[in-house]
Every structure is written in C-alpha cells, then in structure tokens.
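Novice: Numbering (my numbering), first residue to last: 3 to 519. Backbone N, C-alpha and C define an ideal beta-carbon position, used for all residues, glycine too. Note that this is a predicted model, so its numbers are computed, not measured.
1) By the 10 Å Cβ neighbour count, where 16 or more other Cβ atoms means buried, how is residue 350 classified, buried or exposed?
2) If the criterion is Cβ atoms closer than 7 Å, does the pair residue 342 and residue 134 meet it?
3) Give the single residue among 79, 154 and 147 whose Cα lies nearest to the Cα of residue 204.
4) Buried or exposed: where does residue 443 fall if 16 or more other Cβ atoms within 10 Å of its Cβ makes it buried?
5) By DSSP's criteria, residue 184 is part of a beta bridge. Which residues make up the other side?
6) Distance, Cα to Cα, residue 386 vs residue 190?
7) By a C-beta neighbour count over all protein chains shown, 10 Å radius and 16 as the cutoff for buried, is residue 2 buried or exposed?
8) Mind reading off the beta-carbon distance from residue 276 to residue 245? Whole number of angstroms is fine, and I expect it under 8 Å.
9) What number of angstroms, rounded off, separates the C-alpha of residue 497 from the C-alpha of residue 482?
10) On the DSSP bridge list, what partners appear for residue 155?
11) Quickly, what does DSSP pair residue 9 with across the bridge? List them, please.
12) If I measure Cβ to Cβ from residue 51 and keep anything under 6 Å in the same chain, skipping five residues before and after, which residues do I get?
13) Taking buried to mean at least 16 other C-beta atoms within 10 Å of its own C-beta, is residue 424 buried or exposed?
14) Counting pairs of Cβ atoms below 8 Å between the stretch 150 to 157 and the stretch 119 to 128, do you hit three or more?
15) Answer yes or no: do residue 171 and residue 239 have a C-beta to C-beta separation smaller than 7 Å?
16) Tell me whether residue 137 is buried or exposed, calling it buried when 16 or more other Cβ atoms sit within 10 Å of its Cβ.
17) What residue range does the alpha helix (DSSP H) around residue 594 cover?
18) Could you give the distance in angstroms between the alpha-carbon of residue 166 and the alpha-carbon of residue 157?
19) Would you kindly work out how many angstroms separate the C-alpha atoms of residue 62 and residue 192, rounded to a whole number?
20) Considering only the alpha carbon of each residue, which of 230, 188, 173 and 80 lies closest to residue 460?
21) Kindly list the residues whose CB is nearer than 8 Å to the CB of residue 388, restricted to its own chain and excluding five residues on each side of it in sequence; keep chain order.
22) Please report the residue range of the beta strand (DSSP E) in which residue 29 lies.
23) Quick check for students: name the residue ranges of the beta strand (DSSP E) that lie wholly in the stretch 106 to 136, counting only runs of 3 or more.
24) Which whole-angstrom value is the C-beta distance of residue 197 and residue 210, which I expect to be below 8 Å?
25) According to DSSP, simplified to helix, strand and coil, what is residue 233?
26) Just mark residue 440 as buried or exposed, buried being the case when its beta carbon has 16 or more other beta carbons within 10 Å.
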C-alpha cells in the first residue's frame, strides 16, 4: 500500500453465530475468546482507506458475552497495533448499539459518549466516533413505521423555516400507502419504487436498505408534489419530510469522487472546503434536530436513541471533514467512507460462502475469510462474452391468435398516468439516442429547449437536474400505445395464449407497431 492509502477508519460490527464447538484439523474451533463457552457472536473489525478502495478485515473476535469495558480494552489494543504497523486510524465507525457507545466513552475521563476523543496512540491527535449513517436511516424509517397515532404521522418542524420559529408540519406514512394503492394496478406509475414490501415490511425486511430507499427517493417526492396527488392528505408535508431526510442521505452517502458529476447533483460532490453547501446543510440539520427536540411532543417524533444518533452522526461528519481538509491536507473528503456498508457486505459474503445460511459458525467465518483473501490476491481469467441470440420472425404467426383493438376510450382512460408515461418515454428516447448518429432522428425523439410548461412533463421537470430528456409527442404516443397493448395481452381473455408464446417481447413490439401505423 502507498502511504496515502494508510489513512483509515476502523469499522466494527457484530455478526450472530450458531453457538457450537467443532473439531477440525486436530483442534477445537468455536469457543469464545474471553471464556470457555461456545461463541454466540463475533465482533469483526475492518479498516477502510479514506483515499482508495482498499479495505481488509484485521481481526475477528468471537465472544459469548462481552461488556463495554472489555470491548474498550480490545479496541485500544487494536488501534495501537494498527498505528504501530504504519496505519493512521482517524475514526471508529459502528452502529448505534449502546455497548459500542459505552466502550468508546472510556476514551475520555470521566466516561462520556462524544463525537471526538484523544487518540490512544497520540494524545495530540483526535479519534472520531461516528455512528453508521445506513443504520441511522433504517431507524428513521422503522420509527416512522412504528408510530401509533392515526395515519402514522411524524410532527416535525419545517427545516426551511430556521433559524426563525418554523411551522410544525405533518408527515403521514399512510399517505404513502394510499398513493401506492391508487397506482398499484397501473403499469406506469408516478411513484414506481413504492411496493407492499417497502410499505409493509416484515421484521427481517425492515433491515433491508433497498426497501428503505424505495420510500426515501426523489420519485416519491415528485409524486407527492404532483397535481395528481394534491387531494391526498398531508401529501406536500410528507414530501417535505422525505425530501429533508433524503437530502441528508445524499450528502452522507458519497463514496466516489465523480458521483455528483455523474448524477448532476452538487450535493453529491465530494467535500472540498469547509464552507460548502453540504456541510452547511449538516449544520442546519443539527439545528433542526435541536429545535425538534425542544417541541417535546408526546407522539409523532423520533425516539431518544435515533434522534441523538442522527444528531451525533451529522455533527461528527462535520468535524471529521474539517479535520481531514485542514489538518491532514486532503483535497476532498468522501463522507460515504464513514459507513459500515463494507462490513455488512462482508457478512453477506460469509453467509453465501457457507451455503446461504443466516446463522453461521465461527469456523465457517474463518474459512470464508480465507477464501475472500485468496480471491483478492489471485486474478481470475475473464469469461468469454456471450453473443446475443439472433432475432427471428416466427412471432409474426402468433399475431393471428389475438383480436385486439385500441379505442379512444382506452387512450382517455390513461390520461391520469400521462406524467409517468412521459417520464418512461424520456428514458426510451435517452436509450435510443445512445445508438443513433443521425441528427434528424435525434430531433424527432427529444425536445432540445423546453419553453412551455405542460402537465405531462411535470414529473420530469420536478426531478431533473439537467440530464433528463423531454420526449417528443411521437415517443410518448408509442410508449402509451405499448402500455395499452400490453395490458390487453395480459388481460384474462388473452393472458394464457400470450404467456405461451416464446417471443413475447417481439410479439408486443410488432403488435404495437401495427397500431401506430
């Protein structure tokens, strides 16, 4: 490793184990490191470079039970050992488990949970303690879902009203459910990411970050702010709450230097100065949380642990970004490097390499870690590219089996889905432009300069950052026609014959083309 790659964070997390002792290779495996009992869990410690993609597991600690004092002593030894080998550990990242905070609190005298401590290897240096932003976002969604008041409402201050006395708004989770219920039978939706799993997750599904982001995303905000959702109760204020949390997430989840440029989003650019919009928003978020806490609501608020974790993480990221820029001389800081995502990914690989089991043994973890280290060192040969299957015209004979017509009433019935259809048409035009070199064809697919505001374009206009395409009417008509034809082909009358066809995609395209001609 180069010297610049040795500035790292120490990420720690706990994985639950199948508690049993195994005999293999002439020895017993499975006992806890701090007792003679079988290990029930393992603390895994990983270092992650702040200026490169390098990351490695540095220790696995199997335990049956551990207290905060023991964990603190081990943390101190591990940090000192890493520093002695040439690494510079500037932060410890963990989830919001109380034992982690208590273990870190022993770095100060008297013990206190804080965002920064004196470094055990050098008292003149800081050691930051950062709570995992992924874990915090999951807690926000789960606590919103757990609200017991009518409508599952959160009563929060408007962040745009600070520093004056802001209005208290209402964000209703039931509004999201109602929005999904209205669109669930449509092929093209204003909020395409909302699903029953995202809105009514099981206990295990509540831990899936993908389902959390199906609710907290720009499509949901745009759908709630659209004219089609105006009659939904608390639609605008629910969009405000999601937008506030989403803005925080966009800032703290930047892991690559070019993410902001690729997504055309200034808030997803790396932190390059201490005076930047990203850190300004985090400062504002801390003030917002302080004001929210002062309201002292009986219901509709984040619990104490989640509220403090969100504030702690925001403040710690401000401090560590300033330290990296001013003291370490970094040209930029990626706040997404201060997460435990890399370790959660490692846990997933352990389970997959152990037969896709959730509860694995400590022996299986050791063996899986050895395999992963070998994969990192050994380069595997690239597999040959698979050539696509040639298209055929056999599907044309299947057209005779269907007797389908598209009427003006069918088109009028899709009027309410026009904004979502237009967005899908814009993506189709974008995909087609990648393969076209003809300027005349390009002019027939997209509108270069949008001067008039049309209701059909409101979804694109609300979420674009300059990169989305406004499609021509001919593209919208094609997508709308294909939507109608697909619904007819999958209707109860024709579904059996359609699903029996081998080339369903070609059949759909051919039939849509006939109607457009």
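Specialist: This is what the structure gives:
1) Position 348 of the chain shown, counted from the start, is the residue given in the question as residue 350. So residue 350 counts as exposed.
2) For the purposes of this step, residue 342 is taken as the residue at position 340 of the chain shown. For the purposes of this step, residue 134 is taken as the residue at position 132 of the chain shown. Contact: yes.
3) Here residue 204 refers to the residue found at position 202 of the chain shown. Taking the Cα of residue 204 as reference, the smallest distance to any Cα among 79, 154 and 147 is reached at 147.
4) If you number the chain shown from 1, residue 443 lands on position 441. Classification of residue 443: exposed, given that the 10 Å Cβ count is below 16.
5) For the purposes of this step, residue 184 is identified with residue 182 of the chain shown, where counting begins at 1. In the DSSP output, where bridge partners are listed per residue, residue 184 has none listed.
6) Against the chain shown, residue 386 aligns to sequence position 384. Against the chain shown, residue 190 aligns to sequence position 188. Per-residue confidence for residue 386 stands at a pLDDT of 48, beneath the threshold of 50, marking its modelled position as unreliable; no derived number is given.
7) This structure does not reach residue 2, given that the chain is present from 3 up to 519, and the question cannot be answered.
8) On the chain shown, residue 276 is found 274 positions in, with the first residue counted as 1. On the chain shown, residue 245 is found 243 positions in, with the first residue counted as 1. Between residue 245 and residue 276 the Cβ distance is about 25 Å, and since that is not below 8 Å, they are no contact.
9) Here residue 497 refers to the residue found at position 495 when the chain shown is read from its first residue. Here residue 482 refers to the residue found at position 480 when the chain shown is read from its first residue. For residue 497 and residue 482, the distance between alpha carbons rounds to 20 Å.
10) Position 153 of the chain shown, counted from the start, is the residue given in the question as residue 155. DSSP lists 174 as partners of residue 155.
11) Sequence index remark: in the chain shown, residue 9 carries index 7 (1-based). DSSP, once it has assigned bridges, lists 90 as partnering residue 9.
12) The residue given as residue 51 occupies position 49 in the chain shown. The residues are 7 and 10.
13) Stepping through the chain shown from its first residue, residue 424 is reached at position 422. The residue is buried, with at least 16 neighbouring Cβ atoms inside 10 Å.
14) no
15) Numbered from 1 along the chain shown, position 169 holds the residue referred to as residue 171. Numbered from 1 along the chain shown, position 237 holds the residue referred to as residue 239. Yes; because the gap between Cβ atoms is below 7 Å, this pair is in contact.
16) Position 135 of the chain shown, counted from the first residue, corresponds to residue 137. By the 10 Å Cβ count, residue 137 comes out buried.
17) The first residue shown for the chain is 3 and the last is 519, placing residue 594 beyond what the model contains.
18) Here residue 166 refers to the residue found at position 164 when the chain shown is read from its first residue. Here residue 157 refers to the residue found at position 155 when the chain shown is read from its first residue. Distance between the alpha carbons of residue 166 and residue 157: 18 Å.
19) Indexing the chain shown from 1 puts residue 62 at position 60. Indexing the chain shown from 1 puts residue 192 at position 190. Looking at the two C-alpha atoms, the distance is approximately 46 Å.
20) Taking the first residue of the chain shown as 1, we reach residue 460 at position 458. When only C-alpha atoms are compared, the closest one is 230.
21) By 1-based counting over the chain shown, the position of residue 388 is 386. Any reading at residue 388 must be qualified, since the residue scores a pLDDT of 39, below 50, and its modelled position is unreliable; the value itself is stated next. Correct list: empty, nothing qualifies.
22) The count along the chain shown starts at 1 and reaches residue 29 at position 27. 29 to 31 is the extent of the beta strand (DSSP E) around residue 29.
23) 118 to 120 and 128 to 133
24) Position 195 of the chain shown, counting from 1, holds the residue named residue 197. Position 208 of the chain shown, counting from 1, holds the residue named residue 210. In fact, because the Cβ distance is near 12 Å, the residues do not count as touching under 8 Å.
25) As a working note, residue 233 is residue 231 in the chain shown. DSSP places residue 233 in coil when its eight states are reduced to three.
26) Indexing the chain shown from 1 puts residue 440 at position 438. Label assigned to residue 440: exposed.
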